[in-house]
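Reviewing the structure listed below.
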Amino acid sequence: MRLRGDGPDVSFRVRACLEQRSMAIDIVSAVLGHVRGADRNFRHEFVTAFGEAFNNIVIHGYRGRTDGLLDVDVELVNEGITMRLKDNGHPVDLDAVAPPDLESMPERGMGVYMIHALIDEVAYERGNPNVLSLTKRVTPESACGGRNPR
Amino acid sequence: MNCIRTDNGGESRLVIDGSLDALTVRDLRPIIDAVVADKPQRVTVDIEKLELIDSSGVGAIVSLFKRVKANGGSVVVVGAREQPLAVLKLLKLDAVLGVT
């Protein structure tokens, strides 16, 4: 629930490295518990998408660096959540990533597809920082039931 | 992530728990390599106690599937539930991996 007219409800910063992934997901999971109406599927889907976005920032955005930071702002609204992931690494344009051919059972390159499949609105602004915005609304439908991701 | 391997004749069983992700998959890959090298007829991947999986983890299981199949064997995934099951369905792998 929005208590103020502007600014995030929750903000946190983690080092952008895979060793911090589990902790970041724990924080996100705790926040998701405060999204009104969010069921288990909603939480699973958002955590999955966040994890893939985290991977992309660490592995691609901050490739070759160990000093990267990830700032996360969260806005809780009655009907869902918006999360903004901010980094200062190389820009990673999600729209430029070709969707995988799932019939061929790819072993990589599925993360961006999963983000688009599980999140209602995905927006990316390159800059200083790069900002990836993920908005998911509480609906009775599960994204795993066949939403078209792209 | 923990992975326990047991073997019975030409069958191998991998029981994976915890979180299988871009970090922990590094620990699983050597186990997968060892299983593939032994050319089992059948591999069962038990993920009943797996709590979380990401695309890296899925990639490792798909790699196992392809390599075992190339050697004439088969791979099935059992016990999937919650988030891992949803991810396998999303990636349309539940049927081909025989997820039960």
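Listed in order, the protein sequences are those of chains A and B. In terms of our numbering, the first sequence has 58 at position 48, counting the first letter as 1, and numbering is strictly consecutive. In terms of our numbering, the second sequence has 51 at position 43, counting the first letter as 1, and numbering is strictly consecutive. The beta carbon of each residue, even a glycine, is placed where N, CA and C say it ideally should be. Note that the structure is a prediction, hence the values are computed from the model and not measured.
- DSSP places residue 105 of chain B in the coil class of the three-state scheme, outside both helix and strand.
- At least one C-beta of chain B is nearer than 8 Å to the C-beta of residue 120 of chain A.
- According to the DSSP secondary-structure assignment, residue 65 of chain A is paired through a beta bridge with no residue.
- With 16 or more neighbouring CB atoms inside 10 Å of its own CB, residue 90 of chain A falls in the buried class.
- At least one CB of chain A lies nearer than 8 Å to the CB of residue 91 of chain B.
- Residue burial annotation: residue 120 of chain A is buried, with at least 16 other C-beta atoms found within 10 angstroms of its C-beta.
- For residue 82 of chain B, no chain A residue has a Cβ inside 8 Å of its Cβ, as the nearest lies near 14 Å away.
- Bounds of the beta strand (DSSP E) holding residue 96 of chain A are 90 to 97.
- Residue contact check for residue 62 of chain A against chain B: a CB pair falls below 8 Å.
- For the pair residue 42 of chain A and residue 20 of chain A, the Cα-to-Cα distance works out to about 11 Å.
- Note on geometry: alpha-carbon atoms of residue 148 of chain A and residue 48 of chain A lie some 6 Å from one another.
- Residue 67 of chain B reaches chain A at 116, 117, 118, 120, counting residues in chain order whose Cβ is nearer than 8 Å.
- Proximity of chain A to residue 74 of chain B at the Cβ level (cut-off 9 Å) is accounted for by 115, 117, in chain order.
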